[in-house]
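FYI, the numbering for the sequence shown is 15 to 67, going by our numbering. Data block below; observations after.
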Amino acid sequence: MKKRPARADAVLKIGLRSLLEACPDLRLAVPTDEVPLRTRQSVFSVKSLPVSW
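The following block contains the structure:
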């Protein structure tokens with residue numbers, strides 16, 4: 015699997031932290047095993063992330 019650049023990891027961490035600080039009641043709207051995933055060859059990611067607050 016291809017490794018993300020360190021800068022991309024930092025941006026992701028800062029963005030998620032900022033989002034969760036701004037919306038502390040943000041929660042998954044579905045059980046974790048129902049989160050739609052995208053799987054294509056070597057790419058594995060979340061297709062969508064249903065949330066509520």
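Glycine included, each C-beta is placed from N, C-alpha and C at the ideal position. None of these values were measured; they are calculated from a predicted model.
Alpha carbon to alpha carbon, what distance is there between residue j and residue i?
| i | j | result |
| --- | --- | --- |
| Pro-64 | Leu-40 | 10 Å |
| Ser-32 | Thr-53 | 28 Å |
| Thr-46 | Lys-27 | 20 Å |
| Pro-38 | Ser-56 | 33 Å |
| Arg-21 | Glu-48 | 30 Å |
| Gly-29 | Pro-19 | 16 Å |
Under 8 Å by Cβ, that's how I've got residue i and residue j pegged, so tell me the actual separation to the nearest angstrom.
| i | j | result |
| --- | --- | --- |
| Pro-50 | Ser-59 | So it is not a contact: roughly 10 Å between Cβ atoms. |
| Ser-66 | Ala-43 | 4 Å |
Note down, in chain order, each residue of its chain lying with its Cβ closer than 8 Å to the Cβ of residue i, except the 5 sequence neighbours on either side.
| i | result |
| --- | --- |
| Leu-34 | Leu-40 |
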